[in-house]
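**Q** Mapping to full-length UniProt numbering: the sequence shown position 225 is 225, numbers consecutive.
In this text, a Cβ means the ideal position worked out from N, Cα and C, and glycines have one as well.
Being a predicted model, the structure only gives us computed values, none of them experimental.
Structure incoming, see below.
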Amino acid sequence: MKRLLPIVALALLLAGCGAPELSALNPSGAVAEKQLSLIILSISIMVLVFVVVAIIFTYVVIRYRERPGQEKEIPVQVEGNHKLEIIWTVIPILLLIVLAVPTVMTTFSLAEEAPEDAFWVDVTAHQYWWNFEYPDTNIVTAQELVIPTGERVYINLESADVIHSFWVPALAGKMDTNPDNTNKMYIETDTPGIYDGRCAELCGEAHALMNFRVVALEPAEYNNWVAGMQNFDEEVVSAQATEGRELFAQSCIGCHAVDASQPGLGPNLAGFAERGTIAGFLAKSSDNPEEADANLKAWIKEAQAVKPGNAMPNFLDLNDQELDAIVEYLNSLTLD
Ligand code: CUA
Numbered sequence: 001m002k003r004l005l006p007i008v009a010l011a012l013l014l015a016g017c018g019a020p021e022l023s024a025l026n027p028s029g030a031v032a033e034k035q036l037s038l039i040i041l042s043i044s045i046m047v048l049v050f051v052v053v054a055i056i057f058t059y060v061v062i063r064y065r066e067r068p069g070q071e072k073e074i075p076v077q078v079e080g081n082h083k084l085e086i087i088w089t090v091i092p093i094l095l096l097i098v099l100a101v102p103t104v105m106t107t108f109s110l111a112e113e114a115p116e117d118a119f120w121v122d123v124t125a126h127q128y129w130w131n132f133e134y135p136d137t138n139i140v141t142a143q144e145l146v147i148p149t150g151e152r153v154y155i156n157l158e159s160a161d162v163i164h165s166f167w168v169p170a171l172a173g174k175m176d177t178n179p180d181n182t183n184k185m186y187i188e189t190d191t192p193g194i195y196d197g198r199c200a201e202l203c204g205e206a207h208a209l210m211n212f213r214v215v216a217l218e219p220a221e222y223n224n225w226v227a228g229m230q231n232f233d234e235e236v237v238s239a240q241a242t243e244g245r246e247l248f249a250q251s252c253i254g255c256h257a258v259d260a261s262q263p264g265l266g267p268n269l270a271g272f273a274e275r276g277t278i279a280g281f282l283a284k285s286s287d288n289p290e291e292a293d294a295n296l297k298a299w300i301k302e303a304q305a306v307k308p309g310n311a312m313p314n315f316l317d318l319n320d321q322e323l324d325a326i327v328e329y330l331n332s333l334t335l336d
């Protein structure tokens, strides 16, 4: 029993890896489905080989074991048997062909050139956040890649600093983002929803916190989002939010634009109130606004403790009232 414990613990631990929203085994859309079928094909071939070898091995070990009191039985020796050698050379070749043909075909189909009128997004990875730019609609946003359903979304991947890797398991396999060249890929899904993404390349202290999301919207809703971002207007609703805006203008605006047409040094915050997370990974649930506000305050005050090594300085001088005002202001950044 004692020996089983680590195995049970490991099984429980690995079971946690199967969260459906972060699993390549739960694909949404053609890209992830094609990739999953390759995973299933290669695992099936491996399992087949393993089972056949294990059965022959077990049979031989039992059949030709040394029994007490009996004379040792030596099996027929087949060294140099041409027929057998041809069989066990041809079988692996056939298996490799079965694996290689669909793999090469899928790889080429996933690298197809984009058509003239393709929908493009420029993704730039930073330590430790994601910038998303839509050249056709002149929108900049961060941490949440909003896409329409039913459309192939072509992506230019770059990095502003070190190598990262763009990974949305339910939509597509990983692709590196490099500082000195542009990688291209595409994603597509017909199912509206939120798809979790991760940086999948060790890139520094807060690599594990470099999360993002893909938000897939029905085309009509997507168009509303575009219109909301393009006509984004800070509508400051309260005196506290007005105070927050002044503090934001003193401390934050140097890096964070709140106009969706302006790139900045840090994540663009247009429509921030509509996002599902803070800093890409802290809960910002509308079910529990108090917890979300507390997370946001902790983040602004001491970003280095929350996400070590990121480019945002701590603002330890801000008092509680000032932090509340900034939070109120950020929560007022909604889309119409
Ligand atoms: Cu970026 Cu890991």
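Leaving aside the five residues before and after Ile194 along the sequence, list all residues of the same chain whose C-beta is less than 6 Å from its C-beta, in chain order.
**A** Once the five neighbours on either side are set aside, the close Cβ partners of Ile194 are Arg213, Val215.
**Q** Following a CB-centred definition, is Glu158 positioned closer than 6 Å to any heavy atom of the ligand CUA?
**A** Flag unset: Cβ of Glu158 not near the ligand CUA.
**Q** In whole angstroms, what is the alpha-carbon distance linking Ala294 and Lys307?
**A** Ala294 and Lys307: Cα-Cα distance of roughly 15 Å.
**Q** Determine, using beta carbons only, whether Asp122 and Glu133 come nearer to each other than 7 Å.
**A** Result yes, Cβ atoms of Asp122 and Glu133 sit closer than 7 Å.
**Q** Would you kindly report the start and end of the unbroken alpha helix (DSSP H) that includes Met229?
**A** Taken as a continuous stretch (DSSP letters only), the alpha helix (DSSP H) holding Met229 covers 219-230.
**Q** May I ask whether a heavy atom of the ligand CUA can be found less than 6 Å away from the beta carbon of His164?
**A** Result yes, Cβ under 6 Å from the ligand CUA.
**Q** The ligand SAH heavy atoms versus the CB of His207: any closer than 6 Å?
**A** Absent from the structure shown: the ligand SAH. Ligands present: the ligand CUA.
**Q** State yes or no: is the C-beta of Ala32 within less than 7 Å of the C-beta of Ala172?
**A** Cβ distance < 7 Å, so Ala32 and Ala172 count as in contact.
**Q** Given a cut-off of 7 Å, decide if Leu333 and Phe272 are closer than it, judged by their beta-carbon atoms.
**A** Contact flag set, yes.
**Q** In the DSSP assignment, what residue or residues form a beta bridge with Ile139?
**A** Ile139 is bridged to Tyr134.
**Q** Can the beta-carbon of Gln127 be found closer than 7 Å to that of Gly204?
**A** Cβ atoms of Gln127 and Gly204: closer than 7 Å.
**Q** I think Ile188 touches Arg152, with their Cβ atoms under 8 Å apart; what is that distance to the nearest whole Å?
**A** One detail in the question is off: residue 188 reads as Glu in this sequence, not Ile. Going by Cβ atoms, the distance from Glu188 to Arg152 rounds to 5 Å, so yes, they are a contact pair.
**Q** Tell me the DSSP secondary structure of Lys72 in three-state form.
**A** Lys72 falls in the coil class under three-state DSSP.
**Q** Round the Cβ separation of Ile326 and Gly244 to the nearest angstrom and send it over; I've been treating them as touching at under 8 Å.
**A** At roughly 5 Å, the Cβ-Cβ gap stays under 8 Å, so Ile326 and Gly244 are in contact.
**Q** Do the stretch 153-160 and the stretch 259-276 touch if we need at least three Cβ pairs shorter than 8 Å?
**A** With a cut-off of 8 Å, the stretch 259-276 and the stretch 153-160 do not count as touching, because too few Cβ pairs lie within range.
**Q** With DSSP collapsed to three states, give me the class of Lys301.
**A** Looking at Lys301 - three-state DSSP - the assignment turns out to be helix.
**Q** In three-state terms, what does DSSP make of Asp320?
**A** The answer is helix: DSSP assigns Asp320 an H, G or I state.
**Q** Verify the contact flag: Met210, CB atom, against every heavy atom of the ligand CUA, threshold strictly below 6 Å.
**A** Met210 Cβ: within cutoff of the ligand CUA.
**Q** What does a CB cutoff of less than 6 Å around Pro75 pick up in its chain, not counting 5 residues either side in sequence?
**A** Only Tyr64 meet the Cβ criterion.
**Q** How close, in whole Å, do the beta carbons of Thr182 and Ser165 come, if the pair is a contact with beta carbons under 8 Å?
**A** About 14 Å; that fails the 8 Å criterion.
**Q** By Cβ distance below 8 Å, which residues in the same chain neighbour Ser261 in space, the five residues on each side in sequence not counted?
**A** Result list for Ser261: Asn138, Ile139, Val140, Gln230, in chain order.
**Q** Tell me the residue span of the beta strand (DSSP E) that contains His126.
**A** Here the beta strand (DSSP E) through His126 covers 119-126.
**Q** Please name the residue in Trp129, Arg67, Phe315, Ile43 whose C-alpha comes closest to that of Gln250.
**A** Answer by Cα proximity: Phe315.
**Q** Does the beta-carbon distance from Gly264 to Ala270 come in below 7 Å?
**A** No, they are not a contact pair.
**Q** What are the start and end residues of each continuous alpha helix (DSSP H) run of 4 or more residues lying completely inside the stretch 259-314, in chain order?
**A** You should have 289-301, 303-306.
**Q** Taking Val226 as the reference, which of Asp336, Lys174, Pro169, Leu296 has the closest Cα?
**A** For the residues Asp336, Lys174, Pro169, Leu296, the minimum Cα distance to Val226 belongs to Asp336.
**Q** Helix, strand or coil, according to DSSP, for residue 338 in the structure here?
**A** There is simply no residue 338 to check, as the chain begins at 1 and stops at 336 in what is shown.
**Q** Note down the Cα distance separating Leu22 from Asp196, rounded to an integer number of angstroms.
**A** Taking the straight line joining both Cα atoms gives about 6 Å.
**Q** Using a Cβ-based criterion (distance less than 6 Å to any ligand heavy atom), does Glu201 qualify as near the ligand CUA?
**A** Yes, since a heavy atom of the ligand CUA falls inside the 6 Å radius drawn around the Cβ of Glu201.
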